[in-house]
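Numbering (this note's numbering), first residue to last: 256 to 309.
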């Protein structure tokens, strides 16, 4: 997210031990929605059972 007034950008890329159940990853992605927050990328790997949301 970029604050246009101050030019601040904060990025987080949390990893989750879930990459097989799409419904669970969907719920995690929905939980991070907040004013001024933008989900830039979402990657899941079912073989390693991991997901990353950026």
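By construction, the Cβ of each residue, glycine as well, lies at the ideal position given by its N, Cα and C atoms.
Burial state of residue i (16 or more Cβ within 10 Å)
{"i": "residue 274", "result": "buried"}
{"i": "residue 331", "result": "A query on residue 331 cannot be resolved here, the shown segment of the chain reaching from 256 to 309 and no further."}
Contact set for residue i: own chain, Cβ-Cβ below 8 angstroms, skip 5 residues either direction
{"i": "residue 304", "result": "272, 273, 274, 275"}
{"i": "residue 269", "result": "307, 308"}
Cβ-Cβ distance between residue i and residue j below 8 angstroms
{"i": "residue 309", "j": "residue 296", "result": "yes"}
{"i": "residue 287", "j": "residue 294", "result": "yes"}
For residue i, three-class secondary structure by DSSP
{"i": "residue 296", "result": "coil"}
{"i": "residue 276", "result": "coil"}
CB contact check: residue i to chain D, cutoff 8 angstroms
{"i": "residue 288", "result": "Of the chains in the structure shown, none is chain D; there is only one protein chain."}
Backbone CA spacing between residue i and residue j [nearest angstrom]
{"i": "residue 291", "j": "residue 263", "result": "12 angstroms"}
{"i": "residue 285", "j": "residue 306", "result": "14 angstroms"}
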